[in-house]
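Which chain is which? The protein sequence lines are C, E, R and X, in order. In this text, residue positions in the first sequence follow my numbering: the first is 1, and each later residue adds one. In this text, residue positions in the second sequence follow my numbering: the first is 1001, and each later residue adds one. In this text, residue positions in the third sequence follow my numbering: the first is 2001, and each later residue adds one. In this text, residue positions in the fourth sequence follow my numbering: the first is 3001, and each later residue adds one. All C-beta atoms in this analysis are idealised placements derived from N, C-alpha and C, irrespective of residue type, glycine included. On a predicted model such as this, the values are computed, not experimentally measured, just so you know. Below is one structure, written out as structure tokens; the observations come after it.
Number of protein chains: 4
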Amino acid sequence: MLLDTLLAVRQRSETLIAPLEPEDLMLQGMADASPPKWHLGHTNWFFDTFVLQPHAAGHRACDPLWSYQFNSYYDAIGARHPRPQRGLLSRPAIGAVLAWRQRVDAGLEALLQDPPEGVDALVQLGLQHEQQHQELLLMDLLDGFNRQPSEPVYNPEAELTLTLEEEQWLACPGGLTEIGHQGERFHFDNETPRHRVWLEPFELSSSLVSNAGYAGFIADGGYQRPELWMSEGWTLVQQHQWQAPRYWRENNHEFTLAGRRRRDPQAPVRHLSWFEADAYARWSGARLPTEAEWEHALGLHGAAMQHAHRVLWQWTASAYSPYPGFRPVEGAIGEYNGKFMSSQMVLRGSSWLTPPGHERNSYRNFFPPASRWMAAGIRLAR
Amino acid sequence: MLLDTLLAVRQRSETLIAPLEPEDLMLQGMADASPPKWHLGHTNWFFDTFVLQPHAAGHRACDPLWSYQFNSYYDAIGARHPRPQRGLLSRPAIGAVLAWRQRVDAGLEALLQDPPEGVDALVQLGLQHEQQHQELLLMDLLDGFNRQPSEPVYNPEAELTLTLEEEQWLACPGGLTEIGHQGERFHFDNETPRHRVWLEPFELSSSLVSNAGYAGFIADGGYQRPELWMSEGWTLVQQHQWQAPRYWRENNHEFTLAGRRRRDPQAPVRHLSWFEADAYARWSGARLPTEAEWEHALGLHGAAMQHAHRVLWQWTASAYSPYPGFRPVEGAIGEYNGKFMSSQMVLRGSSWLTPPGHERNSYRNFFPPASRWMAAGIRLAR
Amino acid sequence: MLLDTLLAVRQRSETLIAPLEPEDLMLQGMADASPPKWHLGHTNWFFDTFVLQPHAAGHRACDPLWSYQFNSYYDAIGARHPRPQRGLLSRPAIGAVLAWRQRVDAGLEALLQDPPEGVDALVQLGLQHEQQHQELLLMDLLDGFNRQPSEPVYNPEAELTLTLEEEQWLACPGGLTEIGHQGERFHFDNETPRHRVWLEPFELSSSLVSNAGYAGFIADGGYQRPELWMSEGWTLVQQHQWQAPRYWRENNHEFTLAGRRRRDPQAPVRHLSWFEADAYARWSGARLPTEAEWEHALGLHGAAMQHAHRVLWQWTASAYSPYPGFRPVEGAIGEYNGKFMSSQMVLRGSSWLTPPGHERNSYRNFFPPASRWMAAGIRLAR
Amino acid sequence: MLLDTLLAVRQRSETLIAPLEPEDLMLQGMADASPPKWHLGHTNWFFDTFVLQPHAAGHRACDPLWSYQFNSYYDAIGARHPRPQRGLLSRPAIGAVLAWRQRVDAGLEALLQDPPEGVDALVQLGLQHEQQHQELLLMDLLDGFNRQPSEPVYNPEAELTLTLEEEQWLACPGGLTEIGHQGERFHFDNETPRHRVWLEPFELSSSLVSNAGYAGFIADGGYQRPELWMSEGWTLVQQHQWQAPRYWRENNHEFTLAGRRRRDPQAPVRHLSWFEADAYARWSGARLPTEAEWEHALGLHGAAMQHAHRVLWQWTASAYSPYPGFRPVEGAIGEYNGKFMSSQMVLRGSSWLTPPGHERNSYRNFFPPASRWMAAGIRLAR
């Protein structure tokens, strides 16, 4: 059954690139993003390196050159191609990458007939890793398409459609509570250990902030009033001339994976930085929730806290730090989450780009506060 | 009595520049630092702008041009000279700045004969602000002198001399505790509100990490082993070729305000980034304390927690965030602390450069994790 | 007959990309280079814009968006996509570009049945322009392939093979002479007007500098001796750590369009900057010729001045300036050569990458003195 | 008599800084400029290094550290402090520099009682070098003052006052002529060898372009019309938002060493780049003269060619290249002129900032075409 899931996830990666032109496979719009072909190669390298090479007798490791090209950031594995130059890797071409994926699939299939101790967990990790890259691939593609005058359409059906209902304030009494992953289901190391946290009473919005709500902030001079911003954010506003969320276009349009579209005022605002979310919250007389508040409220209120999942990642007020007693996994695979615990903010929930089944209440996503290309939105607290 | 304190603090600023050559007054070693003359002008501008202009009838405000030059980051006051170019402000010359300081001193003296409501608090804030800049002036000067081949000596007596004793681990049982400022004494807004925090049991070192201890980290390949570092820190290590704390020199020397000196192995290591402190802690099998742990342990153990003050600021594991329920002061003066609550880490304690009397157990100092020019050191937790 | 030539040149552009993978079509290794697909689109845009739109009744102009993307630097035509971001233009895909080329070919074929006044000259210019881009395409591709760990082979047959003979010094008595284009054959505006120049007596080498000769310069500390270099060049040597020509690899290899190859000591040295050519000349006790000397000597000595064409472009000592009385062509098409007459040096001759028939004795090629990716070599004078 | 001249020139350097505040001595407005104190130290270092150390028995060489700090670009002498960081050298303070100058003056005075062979020429070179730096000091100071909101006045008398007369076109028949230094008087190596040049007939303006003339260019959209500009210049116009000469201010004012002043329409336009001079010339239907034309016309027309000297340096159309047969002086001193013969343009004449007696008809001044802070203006040819 793990095998079935695995193969379905693997297949989905290839399905995602089906609508693309070959040239799109090379597209890297900025240093933070990666080309689609690279995502396909890198997720394959992950299985080749961490599952097949150590555990599948007779597996022929990929070319060291490919390992150099498709390693993302695992220093323990060796040197790697500089990230900002992934868009220069025209070779191997997609055909060779897909053939490599087939070899790895075959190897995994054979290995999972009778998996040695620990392999199931590694395969599960590789599978979750590939799901993460499926979302990254779509985010990165949106960024790359957004930079082109021709405004390409990835998929007319790829769009989020949601009309927000009126906001309620969900009361949370606070007190001594617990957050973090619980139980046997898969989770990342950064969600543990589950631990106690003291919370003061607070309220959380039942909903997300809408495009109309955010337009009110803009109309009220939101991008011209330094008192609403963190100093660092205000510098960015001026430096990059931010005046609206990243993909907003003139005349009430926005750029999406379905191309240029009319912006729905009642849809949730998205693709904005933590600084914008924070400034909006201050303007509205509220604030962003901490990640503990977010997780606790979801446990308390369940479905009444709408859109916790599968709509937009939600910025929190929490810097991404280790939970008390956190220990990363041993070995190279431990470079997964722990080494990014500086200068980033936590996002909670999941988005419409997140592969179905990948979401989790204790999930800790993280990005630098200036990042805008993720599918991120705003939920308020007070 | 406030007046006496005020005048003593004001006088101290001018005493600090007595050993300098006129050219030193213009010295700005990097964009993050400011020239000594600018610090003297800026602290004066603070009193002129926030105390005398609104409250001293008949006070003649300083030239708007000077306000433009000596405003640091108060957007509500108006435009300002770009920080990286403070070192280009040869005019007004020091004589004119000192004359301005005398006028402001006279104005404050008159005003404090019969201070209107609220003025005492503003003067107190201006006084504390000037003390902060006294430490900044010395930090910045050390940076500027460090960049010169001639290795100037600021003051042969200006050095920290301390021999560390053997480290003890102070046990702290944790539980529900409180941190934040309490009582009527002066404090900054970011130290409030006092609030409850849940702590798991931990131990804190009684002492700071020594030069010898840190040399052990270096000798063990600390700067060559990516697994010890946050990813962001490792990038900096490679980019800037960091190989030791900022002011270490070859042959067991270091650069100080007393010039080039032999480094004492038993003195505390200093002038290193949060990334280096964090990597050292990981290497030693410990970690940095959170700011709540630091403050709680000091309350619990008192003097047994040595060197909490007047030696070195101590990096914590805590990102600089608002306390639950934090509200900045109203008005321009509220731009003091709150707007820097992103991408910085908290340091606790105080340093040998901190003006006597300025220290406080609830004091939250903050700097970006890559900063190295402050008088910062390491205290471990586990 | 012009039509035959035209169609042959047009066909050749498409033949040049036949060995490429689709991903290679997007490859832009640096801001100075362009992707292969862009070269095919741009040369087509040239005909569409300057020939068909003004002269072919009923011609449907290309999409303004495509004009924006494929305009190189013609300000009179309108805004254009920033050059450093040509590698982000995944759309239009190659299929659409090739279909556009077919439409333009058909339009040109129809137009040339009975060409209006002036059209022949414009078509001739477009044809020469496309030939220039054929060489650029190969230069740029070599740069892009050179940046990849996988060391792609473009064409095993694409390499220059030449063994240099022993150098002779060709004597030239100087005096009042003439340079510049003469006659009715096609030429660029910058080769005119033909004009008088006074030359002092000089000698020119019959041959080019070899890899072995250049290796002698390196072995003699050429890249470590500032006295051999222009100050600007010496700064570049240190900044970029230049230690050899651009495509030299360790163990006497070099990277070429035929992949990594053993370097032939008797082949001409190539792919080096003007600064390297100038430093080499100084080291060898000679100098670079002026462009007037080069052109005059070729007229005087003919074939005895070997390798004037079809081997390597040859750096001269001449800055690229207008000839006395130079007038660029009227209109947008006049932005071709004249506006680049600053901060560049003239190269004379042609290279093995130059399309056959494109070379001319009065041809003035030009590049900034720091450029290294062209097929440039060294001929000495004294 | 050489000694008298020497001492007068040396004294003049110190007189130039008399109106300055001590802080001004540290002022370095940009990487291309140097602080006044540095100019005083560097010119002294030149005599110490090239005259006294090799020729004055018993001379105590300056501290190697000072040599490191005050060496400008003489690689043969050793390493040096990075130019962009000269503004960080607060030490040695001016007092120590002036004392050093006195020691050097005394040494030179003793040496010149009975100068060994070759010393007179070296002293002459040092003297001319110091004169060059006197002009640089004033140019650099103007740049540094220009960056300050307080608009300092260096010297109310320091300004150029000149009302241009109506322009005449001076006819020059051309033919075979000679340029370059002739005779025994002092000259720099780059003015030789005198050599033959062929000139076509041309006309040269008797005068310089006025502020009013240049204002006409601006009013006619000069800074908005790409067809008037070199491509490289047009990029700079857009990048730096050039809209007028460097020191023009709003409301018909300009910034000068005498502070902010009303701009005289009939005074010559100044402080503009070669790109602006070239664009203006194109707009006016003329061109810039070559340096050979300039020098030849001055020989032919003498005083009828007004303002050749002591008003403004005049941009020419000539790239700065070696004269045929040029040989730099042997040794470190030969790094004076020859190594800058790339990517710069020649200016002829002299300016009102040039020390009296320093000017010469064959003088070749040179700056990169983007430089604007020199005292440069425009003379047209056609």
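Using a beta-carbon distance below 9 Å, is residue i in contact with chain C?
{"i": "residue 2068 of chain R", "result": "yes"}
{"i": "residue 2093 of chain R", "result": "yes"}
{"i": "residue 1968 of chain R", "result": "The displayed coordinates of chain R run from 2001 to 2382. Any statement about residue 1968 of chain R would go beyond what the structure contains."}
{"i": "residue 1340 of chain E", "result": "yes"}
{"i": "residue 2273 of chain R", "result": "no"}
{"i": "residue 2185 of chain R", "result": "no"}
{"i": "residue 2152 of chain R", "result": "yes"}
Taking Cβ to Cβ, would you say residue i is nearer than 9 Å to residue j?
{"i": "residue 2034 of chain R", "j": "residue 2083 of chain R", "result": "yes"}
{"i": "residue 30 of chain C", "j": "residue 2023 of chain R", "result": "no"}
{"i": "residue 3222 of chain X", "j": "residue 3283 of chain X", "result": "yes"}
{"i": "residue 3108 of chain X", "j": "residue 3052 of chain X", "result": "yes"}
{"i": "residue 2214 of chain R", "j": "residue 2280 of chain R", "result": "yes"}
{"i": "residue 309 of chain C", "j": "residue 354 of chain C", "result": "yes"}
{"i": "residue 3120 of chain X", "j": "residue 3036 of chain X", "result": "no"}
{"i": "residue 2157 of chain R", "j": "residue 2260 of chain R", "result": "no"}
Give the single residue among the options whose Cα lies nearest to the Cα of residue i.
{"i": "residue 1155 of chain E", "options": "E:1317, E:1263, E:1210, E:1021", "result": "E:1021"}
{"i": "residue 3340 of chain X", "options": "X:3063, X:3216, X:3364", "result": "X:3364"}
{"i": "residue 1201 of chain E", "options": "E:1268, E:1176, E:1368", "result": "E:1176"}
{"i": "residue 2349 of chain R", "options": "R:2325, R:2328, R:2306", "result": "R:2306"}
{"i": "residue 2291 of chain R", "options": "R:2316, R:2245, R:2053, R:2064", "result": "R:2316"}
{"i": "residue 3072 of chain X", "options": "X:3094, X:3098, X:3040", "result": "X:3040"}
{"i": "residue 1268 of chain E", "options": "E:1245, E:1208, E:1122", "result": "E:1208"}
{"i": "residue 1318 of chain E", "options": "E:1301, E:1287, E:1311", "result": "E:1287"}
{"i": "residue 2100 of chain R", "options": "R:2153, R:2062, R:2353", "result": "R:2062"}
{"i": "residue 250 of chain C", "options": "C:263, C:240, C:46, C:153", "result": "C:263"}
Within the 9 Å Cβ cut-off, does residue i reach chain X?
{"i": "residue 1053 of chain E", "result": "no"}
{"i": "residue 1344 of chain E", "result": "no"}
{"i": "residue 2305 of chain R", "result": "no"}
{"i": "residue 2223 of chain R", "result": "no"}
Assuming residue i contacts residue j (C-beta within less than 8 Å), just tell me the rounded distance between them.
{"i": "residue 383 of chain C", "j": "residue 192 of chain C", "result": "The requested residue 383 of chain C does not occur in the structure, where chain C is confined to residues 1 to 382."}
{"i": "residue 3382 of chain X", "j": "residue 3203 of chain X", "result": "5 Å"}
{"i": "residue 146 of chain C", "j": "residue 338 of chain C", "result": "The pair is not a contact, with the Cβ atoms about 32 Å apart (cut-off 8 Å)."}
{"i": "residue 127 of chain C", "j": "residue 49 of chain C", "result": "About 15 Å; that fails the 8 Å criterion."}
{"i": "residue 1246 of chain E", "j": "residue 1103 of chain E", "result": "Wrong, their Cβ atoms sit about 38 Å apart, outside the cutoff."}
Measuring from the CB of residue i, is there a heavy atom of the ligand ZN at a distance below 8 Å?
{"i": "residue 133 of chain C", "result": "This structure does not include the ligand ZN; it has no bound ligands of any sort."}
Say whether chain E places a C-beta atom closer than 9 Å to the C-beta of residue i.
{"i": "residue 3029 of chain X", "result": "yes"}
{"i": "residue 216 of chain C", "result": "no"}
{"i": "residue 197 of chain C", "result": "yes"}
Nearest chain R C-beta to residue i closer than 9 Å, yes or no?
{"i": "residue 149 of chain C", "result": "yes"}
{"i": "residue 259 of chain C", "result": "no"}
{"i": "residue 3321 of chain X", "result": "yes"}
So, do the stretch 372-381 of chain C and the stretch 1121-1137 of chain E have three or more beta carbon pairs nearer to each other than 8 Å? Flag = no, the stretch 372-381 of chain C and the stretch 1121-1137 of chain E do not touch.
Per the contact definition of three or more C-beta pairs closer than 8 Å, is the stretch 170-186 of chain C in contact with the stretch 211-218 of chain C? Counting Cβ pairs under 8 Å, fewer than three are found: no touch.
So does the stretch 2274-2285 of chain R actually touch the stretch 2226-2242 of chain R, counting three or more Cβ pairs closer than 8 Å? Yes: at least three Cβ pairs fall under 8 Å.
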